[in-house]
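Here the structure comes first, spelled out in structure tokens, and everything after it is commentary.
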Amino acid sequence: MNNLYIEIKNKLKDLCCTLFEDIFIEAMSGNNATNTTIYSQRLFDEIGGSSSVPTVEEPQVVRVSTPPSERIMFITFSTGFPITEDQLREYFVGMHRDCIERIDMQEIKPPERQSMSAKIVFNESETIDGILGGVENVSLLINGVHVQASKEI
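What follows is the structure in structure tokens.
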């Protein structure tokens, strides 16, 4: 690897000296071409001809985060058939592993006795696409209870 770096550096140095030699000749019109070539070689050494070999680092993976608003699935439940947050989490994690950022259950206010909906923020929007399978909403069976799932718009 180090030999390859040195070889590439030398080829670039030779190429730059050749490409820019005429510019240096014009700029240094009083000097002869040999002195200009030596000067251009020295200039390249100062600018980019470092003899140190850089260390090779592992490539960095850059993940572009999808905004939470594009990773939300809206779930609705039927009256009399309650679903808990733990049941929702168990169902989706069972199918898609560690896929949930958070679950926001609808707050229960009297006279209601159960949450009627939930918003699930997934780690990746592709999880929602996989669940919906290209349709706008789907009916899911979670612990024997039917729920409706759709991407929040």
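Just so we're aligned, residue 235 is where the sequence shown starts under the numbering used here, counting upward by one.
Positions of the beta carbon are idealized from the N, C-alpha and C atoms, including for glycine.
Proximity winner among I362, P301, I354 and F311, relative to I376 (alpha-carbon distances): Walking along the sequence shown from the start, residue 376 turns up at place 142. Ranking I362, P301, I354 and F311 by Cα distance to I376 puts F311 first.
Just confirm the distance between the C-beta atoms of F308 and I334, as a whole number of angstroms; I'd bet it's less than 8 Å. Residue numbering aside, residue 308 sits at position 74 when the sequence shown is read from its first letter. Residue numbering aside, residue 334 sits at position 100 when the sequence shown is read from its first letter. Between I334 and F308 the Cβ distance is about 14 Å, and since that is not below 8 Å, they are no contact.
How many angstroms separate the CA atom of E386 from the CA atom of R323? For this step, residue 386 is matched to residue 152 along the sequence shown. For this step, residue 323 is matched to residue 89 along the sequence shown. Rounded to the nearest angstrom, the two C-alpha atoms are 18 Å apart.
Report the three-state DSSP secondary structure of D320 (helix, strand or coil). The sequence position of residue 320 within the sequence shown is 86, counting from 1. It is helical.
Please report the distance separating the alpha-carbon of P316 from that of F326. Residue numbering aside, residue 316 sits at position 82 when the sequence shown is read from its first letter. Residue numbering aside, residue 326 sits at position 92 when the sequence shown is read from its first letter. Cα-Cα distance, rounded: 17 Å.
Within the continuous beta strand (DSSP E) that includes D338, where are the two ends? Working through the sequence shown from its first residue, we reach residue 338 at position 104. D338 -> beta strand (DSSP E) spans I334 to M339.
Hey, how far is the Cα of G364 from the Cα of K247? Here residue 364 refers to the residue found at position 130 when the sequence shown is read from its first residue. Here residue 247 refers to the residue found at position 13 when the sequence shown is read from its first residue. Spanning the two alpha carbons is a distance of roughly 52 Å.
Name the DSSP bridge partner or partners of M307? Taking the first residue of the sequence shown as 1, we reach residue 307 at position 73. Looking at the DSSP assignment, M307 forms a beta bridge with I354 and K385.
Taking the beta strand (DSSP E) that I376 belongs to, which residues open and close that run? Reading the sequence shown from its first residue, position 142 is the one you call residue 376. Its beta strand (DSSP E) spans residues N371 to I376.
Have a look at H380 and V372 and give me their C-alpha separation to the nearest angstrom. Mapped onto the sequence shown, residue 380 falls at position 146. Mapped onto the sequence shown, residue 372 falls at position 138. Looking at the two C-alpha atoms, the distance is approximately 10 Å.
Determine the direct distance from the alpha carbon of I337 to that of E304, and round the result to whole angstroms. Here the question's residue 304 lines up with position 70 in the sequence shown. Here the question's residue 337 lines up with position 103 in the sequence shown. Going by the C-alpha atoms only, they are around 15 Å apart.
Would you mind stating whether E319 and M339 have Cβ atoms separated by less than 7 Å? To locate residue 319, count along the sequence shown from 1; it is residue 85. To locate residue 339, count along the sequence shown from 1; it is residue 105. Taking 7 Å as the Cβ cut-off, E319 and M339 qualify as a contacting pair.
How would you label I342, buried or exposed, when you count the other beta carbons within 10 angstroms and need 16 or more for buried? By one-based count along the sequence shown, residue 342 stands at place 108. Flag for I342 reads exposed.
7 Å Cβ cutoff met for S359 and T300: The residue labelled residue 359 in the question sits at position 125 within the sequence shown. The residue labelled residue 300 in the question sits at position 66 within the sequence shown. Contact: yes.
Taking the alpha-carbon positions, what's the V369 to R347 distance? Mapped onto the sequence shown, residue 369 falls at position 135. Mapped onto the sequence shown, residue 347 falls at position 113. Rounded to the nearest angstrom, the two C-alpha atoms are 31 Å apart.
Within 10 angstroms of the Cβ of T313, are there 16 or more other Cβ atoms? Answer buried if so, exposed if not. To locate residue 313, count along the sequence shown from 1; it is residue 79. Flag for T313 reads exposed.
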